[in-house]
Amino acid sequence: KESGYVIKALRSDRGGEFTSKEFNEFCEKNEIRRPLTVPRTPQQNGVVERKNRTILNMARCMLKVKFMPKEFLAEAVLCAAYLSSRSPTWSGVKPKVDHFKVFGSIAYVHVPNQGRSKLDDRSVKHVFIGYDANSKGYKLYNPNNGKMIVSRDVEFDEEEA
1 KESGYVIKAL RSDRGGEFTS KEFNEFCEKN EIRRPLTVPR TPQQNGVVER
51 KNRTILNMAR CMLKVKFMPK EFLAEAVLCA AYLSSRSPTW SGVKPKVDHF
101 KVFGSIAYVH VPNQGRSKLD DRSVKHVFIG YDANSKGYKL YNPNNGKMIV
151 SRDVEFDEEE A
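The numbering of the sequence shown is UniProt numbering, which starts it at 1 and goes up by one.
What follows is the structure, encoded as structure tokens:
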């Protein structure tokens, strides 16, 4: 709906996420045809397979450049997909990129006045791991406690690993 296009057909493999009762009902309700590929023939859906390969290659590079462990692969894939989907070649519109940050870069998250005393740090060091899907915030990982947060009050050091 965001693109203004109407989906008429959706080709996919026979993965469970594409053959569930709920998904089939959604497609029927929205009059979307559902051609399925023959099992074990990814070449029948070459465009999607190539896009998946591109995103996985991007994610792999993002992890390697910042020496991040494989445990962050899912976040790297989501970040790569986010960046890829904002490509002007897809939409024909030059995207807004001033909020793009280097995956794995150091991010200092502001601690609000009401959350600290006069002598406490004004920021906490995190690692940038992507963009939140539900807000205009950044997804950040705190290596000291292993927790992920979303914040928009962040200063980035994209040079530091």
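By construction, the Cβ of each residue, glycine as well, lies at the ideal position given by its N, Cα and C atoms. On a predicted model such as this, the values are computed, not experimentally measured, just so you know.
Collapsed DSSP secondary structure at residue i in the structure displayed
i           : result
residue 163 : A query on residue 163 cannot be resolved here, the shown segment of the chain reaching from 1 to 161 and no further.
Val127      : strand
Glu155      : strand
Arg33       : strand
Ala133      : coil
Met68       : coil
Thr41       : coil
Arg50       : helix
Arg116      : coil
Tyr5        : coil
Phe103      : coil
Residues of its chain near residue i, where Cβ-Cβ distance is below 7 angstroms and the 5 sequence neighbours each way are ignored
i      : result
Ala76  : Ala59, Met62, Leu63 and Phe103
Val127 : Gly104, Ile106, Ala107, Leu140, Tyr141 and Pro143
Phe18  : Ser12
Arg86  : Pro95
Integer-rounded CB distance, given that residue j should sit under 8 angstroms from residue i
i      : j      : result
Thr37  : Arg11  : 7 angstroms
Val154 : Val109 : 5 angstroms
Bridge partner(s) assigned by DSSP for residue i
i      : result
His110 : Ser123
Leu140 : Phe128 and Ile149
Ser12  : Leu36
Per-residue burial, residue i [other beta carbons within 10 Å of its own, 16 or more giving buried]
i      : result
Leu140 : buried
Lys51  : exposed
Gly46  : exposed
Phe72  : buried
Gly130 : buried
Met148 : exposed
Lys21  : exposed
Neighbourhood of residue i by C-beta, 6 angstroms cutoff - its chain only, sequence neighbours within 5 removed
i      : result
Asp132 : Lys139 and Val150
Asp157 : Ile106
Nonlocal neighbours in the same chain, by C-beta distance under 8 angstroms from residue i, ignoring five residues either side
i      : result
Ala81  : Ile55
Arg122 : His110, Val111 and Arg116
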